[in-house]
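Heads up: the sequence shown begins at 1099 in this note's numbering, then just goes up one per residue. Yeah, the Cβ is synthetic: ideal placement off N, Cα and C, and Gly gets one too.
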Amino acid sequence: MARGVAPWLLARRLLEWLGEDVPYRDEAAALLGLDRVCGELRLVARSPGVAACTAELAEALRILGLDAEAPVAPGEWFQEGAVLLLLRGPGDLLSLLERTLIDVVAYASGVATRTREMVELARSVNPSIVVAATRKTWPGFRLCAKLAFEAGGGDTHRWGLSDAVIVKDTHAELLGGLEAALERLRTRRGSRYRLVEVEASTPEAALEAARAGADAVLLDNMSPAEVARAVRLLEAAGLRGRVLVEASGGVTPGNIQDYAATGVDVVSTSYPFKNPVAVDVSAEARPLQGGCPASGRLGLLAPEHG
1099 MARGVAPWLL ARRLLEWLGE DVPYRDEAAA LLGLDRVCGE LRLVARSPGV AACTAELAEA
1159 LRILGLDAEA PVAPGEWFQE GAVLLLLRGP GDLLSLLERT LIDVVAYASG VATRTREMVE
1219 LARSVNPSIV VAATRKTWPG FRLCAKLAFE AGGGDTHRWG LSDAVIVKDT HAELLGGLEA
1279 ALERLRTRRG SRYRLVEVEA STPEAALEAA RAGADAVLLD NMSPAEVARA VRLLEAAGLR
1339 GRVLVEASGG VTPGNIQDYA ATGVDVVSTS YPFKNPVAVD VSAEARPLQG GCPASGRLGL
1399 LAPEHG
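Structure below.
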């Protein structure tokens, strides 16, 4: 996905997230007349970590009509007290956005921080290893989760089912087995698909997939010893140089070095998504004198006026 596209998609996603928190209107902001106050909202780190989704959120907020900036860029390490996101605009919109932005920045930065930890562990054993993200993200948070993984030094892998062909166990089972799936791969692939990856649950199945013409094999839920054996089988068959090898399933900070040492090209994991580092983020607000630097009305209060 082109990085320039992300803020537009994130702006749309942000409106959806706000719809969960503010289905009609912000009652406290309405009662206090915060729409007549211009203010500044700062998202401040209360613990260290790796920043993620800050620049994309700032641009998404600018698209939606607010004045926003990200003092800490994605991928940068920050310390306690760092300002991660800075917004200026009408007080009612700052109130509306506060909780959602805190949650997104804290979770994304937690994912990035955990990813950085795992990438450093893997590359201490194998400097050329690629640590990639799986698709096991929470529904509705795929974009920011993948951007966070990338900010931590990992690879986004495929963003979704439309990006690449991976023949998985489910496909094989629906067709009656791996052999049937591989036969269809041989006869139907054509030139449309630049890379086809086949999931294998045993070293022997990985060898079979490579012989059938797979460009990559995904060694799924194998132990490090089984992964190493699959690599050796491919080497013995003279196929290792032609096939990209990925290990996936159950990869954690505790075993990623073992997988990285097997000789695979890629280790993929969902661990940072499910076990992000607890990054604490809070908000600080203050009034601003004079007019607001941006109108801040573009679409954000649609639920109230709809």
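Classify residue i as helix, strand or coil using the three-state DSSP reduction.
i	result
PRO1237	coil
SER1321	coil
MET1099	Because the pLDDT at MET1099 is just 46, under 50, the model does not fix this residue reliably, and the point stays unresolved.
ALA1230	strand
ASP1253	strand
ARG1123	coil
HIS1403	For HIS1403, the predicted structure reports a pLDDT of 35, less than 50, and the residue's modelled location is therefore unreliable. A value from the coordinates is still provided. Here HIS1403 sits in helix by DSSP.
CYS1242	helix
GLN1355	helix
GLY1347	coil
PRO1225	coil
VAL1329	helix
ALA1335	coil
PRO1105	helix
LEU1162	coil
LEU1259	coil
GLY1117	helix
PRO1370	helix
VAL1375	coil
LEU1129	helix
LEU1112	helix
Give the range of the beta strand (DSSP E) segment to which residue i is assigned.
i	result
LEU1183	1181-1188
THR1367	1364-1367
Spell out the partners DSSP gives residue i in its beta bridges.
i	result
ARG1140	LEU1184, GLU1382
ILE1264	GLU1295
LEU1342	ALA1314
GLU1167	LEU1184
VAL1148	TRP1175
Tell me whether the beta-carbon of residue i lies closer than 8 Å to the beta-carbon of residue j.
i	j	result
PRO1105	VAL1209	no
ALA1171	ALA1153	yes
VAL1223	ALA1359	yes
ALA1328	LEU1280	no
LEU1317	VAL1325	yes
SER1366	HIS1255	yes
LEU1293	ASP1267	no
VAL1379	VAL1142	yes
TRP1257	LYS1244	yes
VAL1375	GLY1173	no
ALA1168	ARG1160	no
GLY1163	CYS1390	no
VAL1296	VAL1265	yes
THR1198	LEU1116	yes
LEU1305	ALA1270	no
ALA1246	ALA1206	yes
Report back the beta-carbon spacing between residue i and residue j to the nearest angstrom; my notes put them in contact at under 8 Å.
i	j	result
ALA1308	GLU1138	Not a contact, Cβ separation roughly 58 Å.
GLY1189	CYS1242	With a Cβ gap of about 26 Å, GLY1189 and CYS1242 do not count as contacting.
GLY1251	ALA1231	Actually they are not in contact, since the Cβ atoms of GLY1251 and ALA1231 sit about 11 Å apart, beyond 8 Å.
GLY1202	CYS1151	Strictly speaking, residue 1202 in this sequence is Val, with Gly absent from that position. About 6 Å separates the two Cβ atoms, so the contact holds.
SER1193	ALA1126	7 Å
ALA1158	ALA1249	That pair is no contact at about 16 Å.
ILE1354	LEU1195	Rounded, the Cβ-Cβ distance is 36 Å, inconsistent with contact.
LEU1184	ARG1140	5 Å
THR1341	VAL1315	Note on residue identity: the sequence assigns Val, not Thr, to residue 1341. About 6 Å separates the two Cβ atoms, so the contact holds.
ASN1319	GLY1347	4 Å
ASP1356	PRO1322	4 Å
LEU1272	ALA1303	Actually they are not in contact, since the Cβ atoms of LEU1272 and ALA1303 sit about 17 Å apart, beyond 8 Å.
For the alpha helix (DSSP H) holding residue i, just list the boundary residues, first then last.
i	result
ARG1309	1301-1309
ALA1359	Where ALA1359 is concerned, there is no enclosing alpha helix (DSSP H), given that its DSSP letter is neither H nor E.
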